[in-house]
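Chemist: Chains as they are written, first to last, in this note's numbering: chain U, 1 to 112; chain V, 1 to 102. We put the beta carbon where it would ideally sit given N, CA and C, even for glycine.
1. I need the straight-line Cα distance from residue 93/U to residue 52/U, nearest angstrom please.
2. List the endpoints of the continuous alpha helix (DSSP H) containing residue 37/U.
3. If contact is defined by three or more beta carbon pairs under 8 Å, each pair taking one atom from either stretch, is the region 28-41 of chain V in contact with the region 2-20 of chain V?
4. Any idea what DSSP makes of residue 6/U, helix, strand or coil?
5. Beta carbon of residue 28/U, beta carbon of residue 91/U: below 8 Å?
6. Residue 44/U versus chain V: which residues are under 7 Å apart at the beta carbon?
7. Within 10 Å of its beta-carbon, does residue 63/U have 16 or more other beta-carbons around it, so buried, or fewer, so exposed?
8. Return yes when the Cβ of residue 84/V is within less than 8 Å of the Cβ of residue 22/U, no when it is not.
9. Where residue 124/V and residue 46/U are concerned, what is the direct C-alpha to C-alpha distance, given to the nearest angstrom?
10. Please classify residue 2/U as buried or exposed, where buried requires at least 16 other C-beta atoms within 10 Å of its C-beta.
11. Select from the region 82-96 of chain V all residues with a C-beta closer than 8 Å to any C-beta belonging to chain U, and list them in chain order.
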């Protein structure tokens, strides 16, 4: 079920948060591994890991999008510190991914 | 007494998992000490633990932590994705037990 599309209705509010942190977290690890792979001299591995990170983020984004749609439809998500924390994870990982993606391009251009 | 250390970047999500794992351990009559820390404290606290489980956001640190944990004969592993994603205390506890090897 992790790979298939998740239905929010089947999850508790807490599980939704954990799903967001899980997928963002997997992406975060891969983003860091990507830049380390580049440092270790493997451009291909670095790009592959970044693509995998993007796929993980897409899963987190899907869940997030469903939540926003639900709220737009008048059904409010229950607010919690955990949800705020999950949002932090997602947004900070998105930023990291964007930045590392730019850095890899820059390094390649400069032959670093 | 099983001593299980959970670590994630801030120790927040795993704190919740700790509560669920404790509830399960208690329900089957196990005596367990389960606690969560942020990633900075993981290396220091692992000396006290029989096993270390880490969150997905720090799986890139697994190798480094495992190396550190070898001096204590402690295993380090990433929390099972299903267990973590569903905040499943039973599954996470069982994973910890199988890593401790009993």
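Modeler: With the structure as the only source:
1. 13 Å
2. Where residue 37/U is concerned, the enclosing alpha helix (DSSP H) stretches over 13-39.
3. yes
4. coil
5. The beta carbons of residue 28/U and residue 91/U sit no closer together than 8 Å.
6. Here the premise fails: no neighbours, minimum Cβ distance about 18 Å.
7. buried
8. yes
9. Since the first and last residues shown for chain V are 1 and 102, residue 124/V lies out of range.
10. The predicted position of residue 2/U is uncertain, since its pLDDT is 48 and thus under 50; a value taken from the coordinates is nonetheless stated next. The residue in question, residue 2/U, is exposed, as its Cβ has fewer than 16 Cβ neighbours within 10 Å.
11. 82, 84, 85, 86, 87
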